[in-house]
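For reference, the structure discussed in these notes is given below.
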Amino acid sequence: MASVVVAGGGIAGLAAAVALSDRGHVVRLLDREPDAPPLPPRYLAGVWYRPSVPQADQPHSFTSLGMNLLRERAPDVYEALLSAGAVELDLGSAPPAARAQLPYDPELRVLACRRKVFEAVLRQAVLARPRVTLQSGTAVRGLLFDGGSPRVVGVRTAGGERVAADLVVDATGWRSLSARWLAERHPSGSTGPADAGRTRVAAYTRFYRLRTDVPPAPLNRGNAAGGLWSHFSAILHPGDNGTFTISLGVLTDDDAMKGLRREPAFDAAAASVGILAPWLAPGASEPISEVHAHSCPPTQLREPDLLGGEPVQGLVPVGDAACVTNPLYGRGVSLGLAHAFRLAGVLDTIPRVGPEQARLAARVTASLMTPWYRQGQRDDEELLGIWRATVHGAPPPVPPAGRLPFSAVAMAAATDPVVFRRAVRVQMCLDEPDTLYTDDEIRARVQMARTVERPHLPGPDRAELVGLVAAAGGSA
Numbered sequence: 001m002a003s004v005v006v007a008g009g010g011i012a013g014l015a016a017a018v019a020l021s022d023r024g025h026v027v028r029l030l031d032r033e034p035d036a037p038p039l040p041p042r043y044l045a046g047v048w049y050r051p052s053v054p055q056a057d058q059p060h061s062f063t064s065l066g067m068n069l070l071r072e073r074a075p076d077v078y079e080a081l082l083s084a085g086a087v088e089l090d091l092g093s094a095p096p097a098a099r100a101q102l103p104y105d106p107e108l109r110v111l112a113c114r115r116k117v118f119e120a121v122l123r124q125a126v127l128a129r130p131r132v133t134l135q136s137g138t139a140v141r142g143l144l145f146d147g148g149s150p151r152v153v154g155v156r157t158a159g160g161e162r163v164a165a166d167l168v169v170d171a172t173g174w175r176s177l178s179a180r181w182l183a184e185r186h187p188s189g190s191t192g193p194a195d196a197g198r199t200r201v202a203a204y205t206r207f208y209r210l211r212t213d214v215p216p217a218p219l220n221r222g223n224a225a226g227g228l229w230s231h232f233s234a235i236l237h238p239g240d241n242g243t244f245t246i247s248l249g250v251l252t253d254d255d256a257m258k259g260l261r262r263e264p265a266f267d268a269a270a271a272s273v274g275i276l277a278p279w280l281a282p283g284a285s286e287p288i289s290e291v292h293a294h295s296c297p298p299t300q301l302r303e304p305d306l307l308g309g310e311p312v313q314g315l316v317p318v319g320d321a322a323c324v325t326n327p328l329y330g331r332g333v334s335l336g337l338a339h340a341f342r343l344a345g346v347l348d349t350i351p352r353v354g355p356e357q358a359r360l361a362a363r364v365t366a367s368l369m370t371p372w373y374r375q376g377q378r379d380d381e382e383l384l385g386i387w388r389a390t391v392h393g394a395p396p397p398v399p400p401a402g403r404l405p406f407s408a409v410a411m412a413a414a415t416d417p418v419v420f421r422r423a424v425r426v427q428m429c430l431d432e433p434d435t436l437y438t439d440d441e442i443r444a445r446v447q448m449a450r451t452v453e454r455p456h457l458p459g460p461d462r463a464e465l466v467g468l469v470a471a472a473g474g475s476a
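If you want it as structure tokens, here you go:
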């Protein structure tokens, strides 16, 4: 069995520790942040501060791909999440699929949970595993190499400790610090992203607690409520223990919306969205946080780090260190969990560190991440292009050649149960995007759906939203 060092204690790093240790490997997880306060997970959301994880105070989608993997590969983690107050939601019976009596799909289950509660449960599961040592307050500062060879044999910490390992897992998030560490030792190594997109979305989020036993309104998106409009998004995510979040997404350069960071402006904007208003009505809920503002990181797909034209041996990225997608689409956690378990499978197939293992890890990463990154690029071009056209008067986006546009599929899914089911399976990362956006049957159904009246989703137009934010004292 291998000795493994995981650099980074976020969800992807914790998942890698679970996946690898459960295969018999000895794991040392180095987390730069201090340890979590000694409280049950449900109480940590408001007191666990993780400066290097700013997205921890944003809503997260714990979608079907990742949750199914936990049920199958780490059932103790899944049961602990339920015990901590996470709620399982069944998308297999969500409308409009339910009205059409489609065959039940047992894979379409998701969890409603706050990110910090999810992470705290996963952290406790890591601590309970005898083959894992979790070392908090320890930042990694560099890689150790086997002489002049392209093989990584450990890491160097900020305190000067040299930690030997057969395999180093980079779980440092979207900054992917191993690229910097590698460049310090081998400046000629190829460490740049294969592709990258600019940060163009700002998210404003507030947490609430229900004051009623019954949700005030339905979840029109199955695992969420809300929608996407021509200049903003407004999404409500149910959480654990009677909590929920509302997140408003806008362009980063939409100056009129910068006032959303102020609570009166945020509350007024959120309440103007018809399907969200009942959740915010007097007596329905109470806010339990301030407004958290967050600029989404650049999307990127990394090539494997290369030395001499070959992937570096003994070093693999996991999760956001390999690929970052737009958090609006809710894919990051599931892809990170899937990546962790697939990398553990690489060690099953090729236990010995060397060029063959490095090449297989690179292929596994590319096969998992590339379809979602490319689809995210297309979705961003369309959605953010529509926003720029509304907000800045830019030309509208050009529909993708040979593929259905995201917006057309979304419109059809509101009334066509087959399109809805297929779209949800893609949204949940169970089926790859091409099974939806290039499928002839779906194309025909989307065309037919254009003649069907779909439910109206009321929300403010551009002038109304700008006026609401300004009137509530939220001018930039």
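Quick note on my numbering: the sequence shown kicks off at 1 and runs consecutively. For glycine and all other residues, C-beta sits at the position ideal for the given N, C-alpha and C. Keep in mind it's a predicted model, so treat the numbers as computed, not measured.
Just so you know, the alpha carbons of M369 and L343 end up roughly 13 Å apart. Taking the CA atoms as reference points, R422 sits about 10 Å from D439. Collapsing the DSSP output to three states places S230 in coil. Judged by DSSP in its simplified three-state form, G142 adopts strand.
For Y329, there is no enclosing beta strand (DSSP E), since its DSSP letter is neither H nor E. In the three-state reduction of the DSSP assignment, S136 falls in the strand class.
The C-beta of E464 has fewer than 16 other C-beta atoms within 10 Å across all chains shown, which makes the residue exposed.
In the DSSP assignment, H456 falls outside any beta strand (DSSP E) and carries neither an H nor an E.
The shortest C-alpha to C-alpha distance from L70 to any of L335, P41 and V27 is the one to L335. Secondary structure at R156: strand, using DSSP grouped into helix, strand and coil.
Rounded to whole angstroms, the separation of the alpha carbons of G10 and G173 is 8 Å.
Per DSSP, R162 is one residue of the beta strand (DSSP E) stretching across R162 to A164. Comparing alpha carbon positions, the residue from V312, A281, S407 and P327 closest to P355 is V312. DSSP places A293 in the uninterrupted beta strand (DSSP E) bounded by H292 to S295. Using a Cβ distance threshold of 8 Å, E382 and P150 do not count as a contacting pair.
The shortest CA-to-CA distance from P458 to any of M428, A112, A225 and P297 is the one to A225.
R352 is classed as exposed because its beta carbon has fewer than 16 other beta carbons within 10 Å across all chains shown.
Between A16 and V169, the C-beta gap is smaller than 8 Å, which places the two residues in contact. Closest by C-alpha distance to A128, out of G92, D380, V18 and L89, is V18. In its chain, beyond the 5 residues on either side, R42, A84, G85, A86, V87, A112, C113, R114 and V117 have a beta carbon closer than 7 Å to the beta carbon of D240. Looking from the CA of L122, the closest CA among G283, I246, E79 and S367 belongs to E79. Assignment of beta-bridge partners to D31 by DSSP yields S136. When secondary structure is reduced to three states using DSSP, Y104 falls in the coil class, being assigned neither helix nor strand. Between the region 27-43 and the region 254-267 there are fewer than three inter-stretch CB-CB distances shorter than 8 Å, so the stretches are not counted as touching. Residue state for H60 is assigned as coil, using DSSP reduced to three classes.
I288 carries a coil assignment under DSSP once its states are collapsed to helix, strand and coil. No residue range can be given for E303, since it is assigned to no beta strand (DSSP E) and is classified by DSSP as neither H nor E. Close CB contacts of T349 within its chain, under the 7 Å cut and outside five residues either way in sequence, are with L360 (chain order). Residue nearest to Y437 within the set A472, A281, H339 and Q375 is Q375 (criterion: CA-CA distance).
Apart from sequence neighbours up to five positions away, the residues of its chain that approach A412 with a beta-carbon distance below 7 Å are V419, R445, V446 and A449, ordered along the chain.
Assignment of G249 by DSSP, reduced to helix, strand and coil, places it in the strand class. According to DSSP, H237 shares a beta bridge with T245. In terms of Cα proximity to D255, the closest of L44, R462 and M428 is R462. Going by DSSP, P317 is part of the beta strand (DSSP E) stretching over L315 to P317. By the Cβ neighbour-count rule, G249 is buried, with 16 or more other Cβ atoms within 10 Å of its own. For R211, there is no enclosing alpha helix (DSSP H), as DSSP gives it neither H nor E.
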